[in-house]
Each structure stands twice: as C-alpha cells, then as structure tokens.
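What follows is one structure encoded as structure tokens, with my remarks underneath.
Chains as they are written, first to last, in our numbering: chain E, 127 to 579; chain A, 17 to 287.
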C-alpha cells in the first residue's frame, strides 16, 4: 500500500473534500490572476476593435435564449386559456397553477425516440426542423424590443423580416420531401401553397405603412409612431391591420388557417414522419412564430415599444445608473430582503400558532419579501430606465395579440382548404392592393402643396 | 336578415371570452368530493345470487325513488309470480296500452301480458267515487277493490293510479305491503266432511251435487278456480253435514241447495 492510499484511507469525509477542493480553488485563483493579467487585455482590445461582431454574437445568443421562455409561456397560455374557454381548469398540478406544464412537455419531447424512416434523406430530414426554426428566430434580430435593444437596426428591416419569414416554407418543403412519404410530401406542398399565397397580401399590406413612414427600418418605424396611441399606424391603416392580422394567422399556421398540421383531421402534414425533438422543433418554431407575428404587428401598427400615452415623467433617476453609484443599490436591496424575510418569518411563526413550522414560516416570509423587493426594484427600474419601460410596453402589447391568437384558436373552426386559398387570392389580395393604391393616392394628394415643383 | 360579414366571428369570440371568465365546471376530484345524494347507488345494475337467480324482487321501490320515473320492470317476485310493471302512463305515452304489439291486435304469447287482462272497471269506479278519488284513502280503496274482484287486478291498479294521480309505484307499494291484499285470483276450496255423522246426515249426496254443479268430482282437481276436496277432520262443534268454503263452515248448504250454491261459485269468481 502506497503512502498516498494509506493517508487517503485515514482521512475523514470533510478532509477528503478539502483535499480535492483546495487544489482546485488554488488552481482557479492562479488561473484567474493569469487570465486577468495576460489574456484579458488583448481579448478586450480585440472585442473593442470588433464591436459589431460582439453585438451580433450577443444578439444571436440573447434571441436564441429568449425563444425558450417565449415558447414555454405560449404553450402554457394555450393550455390554460383554451381550457378556461372550455370551462375547464387546465393544467394545475405541476408548479404554481400548473405553470411548469410546458417544461414537462419539453422534457417529454426530449425523452422520445428520435426516429427517421427507412429511405429518408437523412441530411435534409435533419436539417428541415433547423431551417424552419432558424427562419423564425432570425426574424427576431430586427425587432426592436426597447429603445436601443435590438439585434441590428437594418435600414431594410421589414424586407429582411419577410425574406427570413419566407425561408420557413423551405423548411416545410424539405421536411415533406425528405420524409420519404407521399402524404408528408403532399402536406409539405399544401403548407407551402398556403404560406406562399398568404405571404403576398401580408407583404403588400405592409407597403402602405412603409409609404407613410418613408422608411423600412423597424426602429425608425417605431419612432415615427412615438407620442400617444393616436400616432399609431393602426389608425391610418385600419384595413392593412385587418389584412395583416388575417394573413399573419395563416402565415403562423394558426387556427382557423392551420390546415398544414390540422392535428384533429390530417395526421400531421409535413411532420408525419417526425418524432422526438425534431418534431418538437417544428412546434417550437410555430410558437415562436406566433410571438414574432404579434411582435411585428405591434411594431408596424401599434407603436412598438412606445407608451400608449404621453409619458408625463422625465427619466431623471440617474442615481440608479449601474455604472455610477447605482451599483450600491444591489447590496441594499439584498439587505432589505434579508431583514424583511426575518421580520415577516418571525411574525408568521409567532402569530401563526402551532400550524406553522419555522421553515414554512420563514419560507413564506422569504416569498413575500422577495415579491415585495422585486416589485419595488422593478418599479424603480421602470421609472429610471427607458428600456425597461420599452420592454414593458412592447411585451404587454405583444401578449395582447398572442392572447388574441390563442383566443381565436379557442373559438374559430378550421376553414376548408379551397376556401382558404380562395380567400387569400379573391379577397385579401385585392383588398391589400386597394389599400396600397388608396394610401399612395392619399400621400400624393396630401403632399401636393407641401412639395411645389 | 341582413348579412354582416364578421358578425358570427364576433359573436363567437364574445362567447368564448365570456366562458373564459365564467365559473369552471371541473371538480378537483381528490380534494373536492362531489355532492352525491345519500341514496345514490350509481349505475342501475341487477344483482344475481350465488345460484344465478336474479335478486330483483320487482318490489318497485327503485321505480318509486326514481325522480324522472323512467323505470319499468318485469320479473319474478318472492313467491315466484311473474309480473311486469310499467311506470306512470304519462312517462311513455306509447306504453299506456302496454305495448305496440298488443295494440296491433295480434295474439301475444308473452305471459308478461296475461296480467293485463282488461277487467270491468265499473266496480272500481264506484269504489273510487265513494272514496272521493282520494289517494290518501288508498288502503280502503284497495281493500274494497279486492273485496269486489276477489283479488287486485293490475288493470284496476293502473286505473286507480291514473284516476287518483297517485303514482303506480305508490299504489303498487301499498298493495304489496299488506299481506291481506293479493294480486292473484285465489283458488277457492270447497271441502266436504266425510266423517260418520256427516255421511249419515247426507254429505255424500251433497258432495255429488256440488261436484255436479262445479263440473268436477271429489278429489278431481279444481274447476273454474274452485276445488272440491274432502275435509280432513270434522270441525269441532259444527253441525252435520259440514261443508266449508275456504275453511269457513257453510251451514246454509243443504242437499237441495248444494248444486245451485256451487254453480253460484263458478258463475262469478267475485265473492
């Protein structure tokens, strides 16, 4: 027996942990110092020299991460809202009010067998959900969430959005083709036909807004609508809003236009042969799509992140600025949280009688204090930072439309496929063209005296 | 009616929004137990005993408890008599005359229907008239009907139920509760004593006369619901010759009146 083995055998559990962790900690400390001294400055220089690259990387990561809670919230909303409309309660077992249900759905999909049919074109079969998902997610890059909070302020933002949105057709076609199943192929072709048909009125309805604003940059479009709710383009382009909403419903494959994957009628369209997370990605993309079209609707017609009324208070709470003295508020908030938790917990424990054990009482105290501190901090940030306000208004407006989509799914029956196509070509397209001509004519007539030749 | 595009959609959306805020129908089962009536027994099910016989005694109590009065039944009671009972007439109009088959006029071979032989309801109507059609006087009504017919015909009970407004189950329950009320036409027994003193007093000739009047002979089985038998032992204190009807001595029966008396038993079963 070697010396090391004998020593290890004599050590207590604590000593063993220490023996493992202490060298690691020392190594980490040394590594940190070396990193700060030798590696950090050149890295920072490099990043500083390539700021657009950094911005892009951060934006992409941020948007990819954002899609996950978005999809979870949307799945939960669908379960809960439609359940309530059916006079049911909906998920209520997992998490508070069943909020963890979508998480469980995600894990369920992850644990399923990942299956590819014999004869499938495996490369295309695997790429199809990725293309569908990324086509949706990449459109998020140009959506301004708040002043200064967007991936890229492209001067052709709207164009980019529709170009990327059109890519999702490619994903569906790939899925239908690669599945080696004639029904999948038919489903893929059908959804392609639907999406391409509705893409046209969708795009043309937006042209009116572009004519009015004179720009295709999303950020500029929002700024054009700043002020109060009366400055929104929705009131100048009511027909366009209607067309856009209907076409966007079809574009996102939502009821009443969800012919492509009408779960209760056809098998699954292009997704027939998909299982596990590959299948999950199609629905991930669908839920993200709902959020995206709502966000676009808000950005184009409902003022984006601007408040619906003239915000009367100036942003003068500079003492909250994180770069200055504001960072001090973090320990203060933490101290308030700890003290409030102790006081509340003790009060509940002492006054609550025998039914409260100490951990339960202090847990509830922590919950209440945490909620209070979070609310206070949120309110302070809301007043202090315009981007917090922007995110608040943007999300509030967007989720109103997300709710409307879910509400429609809880109400309307599916349309027949020929009615679907007929409606797009016979009604929506002429209406959008009419809207375009009327808008253009109005702009020319109104601008006549202002622009003398 | 003018067509307004989108009105139907708006109405539907309004409906679902109202439903969104409406109270929910779900009962959170393990935490909340549904409020079930004490007498609730779940799905109606007929039980069988260990010998494979159905346990239902056609007591009609379930039909009586049924709030919508939808239960009819047929089956053997504890005395192995077969009965079919129908719910109140107003529940199923077409069952008022027991069945469409029966109404078609064709012969019905089903013994379930033999109990519904129509009877002359004049006597029932008289009794009901006297009792003021009062369901509260059900027992006297039933007793008088039994006295008039010798038994309680199902048709009479249905008529009573229909006219007084008391549910059939109620009338039936009353009728089956009291042991002196019967649904069966009782077989009557005329017994003649053949002890030495009675034989000397002429009971042999009386027996022959009664047998002639009934159309049978001593020990020859019942005829028209009346059986002629030999009394096993002389009733103490009774005069000779002794003739009994259902155990009751009939001192009026003599050699000369016996034939007419016996014919009167068969002419009408009514006592």
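Where a beta carbon is used, it is the ideal one built from N, C-alpha and C, also for glycine. Small disclaimer: the values here were computed from a predicted structure and weren't measured.
Item, Value
"How would you call residue 79/A, buried or exposed, if buried means at least 16 neighbouring beta carbons within 10 angstroms?", "buried"
"Considering only their Cβ atoms, is the gap separating residue 317/E from residue 551/E smaller than 9 Å?", "no"
"For chain E, find out if any of its Cβ atoms is closer than 9 Å to the Cβ of residue 23/A; answer yes or no.", "no"
"By the criterion of Cβ-Cβ separation under 9 Å, what are the contact partners of residue 36/A in chain E?", "207, 210, 211, 533 and 536"
"DSSP has residue 245/A in a bridge; who is on the other side?", "207/A"
"Would you list the residues sitting across from residue 272/E in a DSSP beta bridge?", "275/E"
"From residue 207/A to residue 261/A, what distance separates their C-alpha atoms?", "6 Å"
"Three or more beta-carbon pairs under 8 Å between the stretch 255-270 of chain E and the stretch 285-299 of chain E, yes or no?", "yes"
"DSSP three-state call for residue 259/A: helix, strand or coil?", "strand"
"Pick helix, strand or coil for residue 509/E, following the three-state DSSP scheme.", "helix"
"Starting from residue 404/E, follow the alpha helix (DSSP H) in both directions and report where the run begins and ends.", "402-427"
"Counting only beta-carbon atoms, is residue 88/A nearer than 9 Å to chain E?", "no"
"With which residues is residue 203/E paired in a DSSP beta bridge?", "Partner(s): none; residue 203/E has no beta bridge."
"Any idea if residue 524/E is buried or exposed, counting beta-carbon neighbours within 10 angstroms, 16 or more meaning buried?", "buried"
"Can you give the beta carbon distance from residue 304/E to residue 397/E, rounded, assuming they're within the 8 Å contact cut?", "The pair is not a contact, with the Cβ atoms about 12 Å apart (cut-off 8 Å)."
"Does the CB of residue 215/E have a neighbour CB from chain A at under 9 Å?", "yes"
"I'd like the span of the alpha helix (DSSP H) that includes residue 301/E, first residue to last.", "283-304"
"Which residues in the same chain as residue 528/E place their Cβ atom closer than 8 Å to its Cβ, once the five residues preceding and following it in sequence are excluded?", "200, 203, 416, 417 and 420"
"In chain order, which alpha helix (DSSP H) runs of at least 4 residues are fully inside the stretch 160-210 of chain E?", "166-175"
"CA-CA distance, residue 407/E and residue 312/E?", "20 Å"
"At least one CB of chain A closer than 9 Å to the CB of residue 218/E: is that the case?", "yes"
"Starting from residue 475/E, trace the alpha helix (DSSP H) in both directions and tell me its first and last residue.", "455-477"
"Report the neighbours of residue 33/A on chain E: residues whose CB is nearer than 9 Å to its CB, in chain order.", "211, 533 and 537"
"Within 9 Å (strictly less), CB to CB, does residue 174/A reach chain E?", "no"
"For the alpha helix (DSSP H) that contains residue 190/A, what are its first and last residues?", "184-193"
"If we define contact as Cβ-Cβ less than 9 Å, is residue 154/A a contact residue for chain E?", "no"
"With burial defined as no fewer than 16 other Cβ atoms inside 10 Å of the residue's Cβ, what is the status of residue 183/A: buried or exposed?", "buried"
"Please give the ranges of any beta strand (DSSP E) in the stretch 509-539 of chain E, keeping only runs that are unbroken, at least 3 residues long and fully inside the region.", "none"
"So, is the C-beta of residue 48/A closer than 9 Å to a C-beta in chain E?", "no"
"Where does residue 175/E land, buried or exposed, given buried means 16+ other C-beta within 10 angstroms?", "exposed"
"According to DSSP, is residue 89/A helix, strand or coil?", "strand"
"By the criterion of Cβ-Cβ separation under 8 Å, what are the contact partners of residue 40/A in chain E?", "210, 213, 214 and 215"
"For residue 157/A, which residues from the same chain have a beta carbon less than 7 Å from its beta carbon, with the 5 sequence-adjacent residues on both sides left out?", "143, 144, 147 and 176"
"Just the Cα atoms here: how many angstroms apart are residue 239/E and residue 139/E?", "41 Å"
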